[in-house]
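Trainee: Each protein sequence line maps, in turn, to chains A and B. For the first sequence, the residue numbers in this note's numbering are 9 to 111. For the second sequence, the residue numbers in this note's numbering are 9 to 111. In this text, a Cβ means the ideal position worked out from N, Cα and C, and glycines have one as well. What you are looking at is a predicted structure, and each value in this text was computed from that prediction instead of being measured.
Number of protein chains: 2
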Amino acid sequence: MGKAERFRAEADGWSVGNADEFLGLSADESTYIEVKLALAGLLVERRKAASLTQSVLARQVKTSQSRLAKMEHADTTVSVDLLVRTLLSTGASWQDIARVIAA
Amino acid sequence: MGKAERFRAEADGWSVGNADEFLGLSADESTYIEVKLALAGLLVERRKAASLTQSVLARQVKTSQSRLAKMEHADTTVSVDLLVRTLLSTGASWQDIARVIAA
DNA sequence: TGGCCATATGCCTGATCTGACATGTCGTTG
DNA sequence: CAACGACATGTCAGATCAGGCATATGGCCA
């Protein structure tokens with residue numbers, strides 16, 4: 009990743025749709041980012057639904073508020089791995105995960 | 009991870025179902041492993057469907073035969089991240105991914 | 001049996017990720 | 001405006017992962 013950084017800035021605000029050809033991202037790269045964004049979105053959604061602050065949720069899932077903030081923005085320093093593990097520890101099921109990934 | 013290693017031995021042969029309480033795995037841990045196994049399975053499936061050897065596919069997706077072998081076994085040194093990226097670069101869509109994760 | 005091919009495993013090195021702290025921004029409220 | 005709470009961002013040490021070489025194992029067939 010790296011080109012993804014420039015992309016991220018634009019992606020803010022959760023403009024859901026097509027990341028696509030913003031700047032020479034291959035189809036695979038943008039799909040990968042979209043998956044991350046989808047997972048990040050689910051995380052925010054779940055936290056809000058439970059009306060928790062980032063700090064509180066962070067404590068519950070054993071990470072820091074700052075990392076959680078990065079997860080919610082699909083920061084480039086956050087892997088799909090971390091997102092999946094964190095979602096699961098918030099009680100999400102793999103069906104929940106599949107659902108958001110399925111667009 | 010770590011407990012997961014012992015688990016892996018049993019998981020071989022793709023006994024799909026419940027990894028569950030094999031040895032003190034929390035629900036989250038086993039769900040995480042099941043997701044990995046599902047993705048790994050899809051990878052094998054796709055490779056076989058294209059009748060490629062690990063070496064050939066490895067070259068195509070720019071990795072090594074050994075790492076690909078580990079991916080197909082959901083080895084503990086392989087992350088969900090790598091599995092997802094590799095699947096995408098074999099041409100899988102995120103729907104394909106969602107489908108297998110959804111059990 | 002020996003050679004060959006496909007796959008699996010061990011291991012090391014460099015790359016990337018994770019957690020956490022410190023600090024910054026923004027919005028609200030007294 | 002000052003103080004506060006919630007969220008965002010920069011940074012870095014330590015942890016984990018990725019790539020790939022070397023080698024091992026397991027068919028298969030002459």
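#1: Report yes if the C-beta distance between ALA110 of chain A and ALA106 of chain B is below 8 Å; otherwise report no.
#2: For the region 85 to 96 of chain A against the region 55 to 64 of chain A, do three or more pairs of beta-carbon atoms, one drawn from each stretch, fall closer than 8 Å, so that the two count as touching?
#3: Are the C-beta atoms of LEU51 of chain B and some chain A residue less than 8 Å apart?
#4: Are THR71 of chain A and LEU96 of chain B close, meaning C-beta to C-beta below 8 Å?
#5: VAL69 of chain B and THR98 of chain B: beta carbons closer than 8 Å?
#6: Counting only beta-carbon separations shorter than 8 Å, does ILE41 of chain B have a partner in chain A?
#7: Compute the Euclidean distance between the alpha carbons of ALA82 of chain B and LEU45 of chain B, then round it to the nearest angstrom.
#8: With a cut-off of 8 Å, does the C-beta of ALA60 of chain A fall near any C-beta of chain B?
#9: Using 10 angstroms around the beta-carbon of ALA66 of chain B, count the other beta-carbons present and answer buried if the total reaches 16, otherwise exposed.
#10: Does the separation of the CB atoms of LEU50 of chain A and GLN62 of chain A fall below 8 Å?
Mentor: Working from what's here:
#1: yes
#2: no
#3: no
#4: no
#5: yes
#6: no
#7: 6 Å
#8: The sequence shown places Leu at residue 60 of chain A, rather than the Ala named in the question. No, LEU60 of chain A does not count as interfacial toward chain B.
#9: Per the 10 Å Cβ criterion, buried.
#10: no
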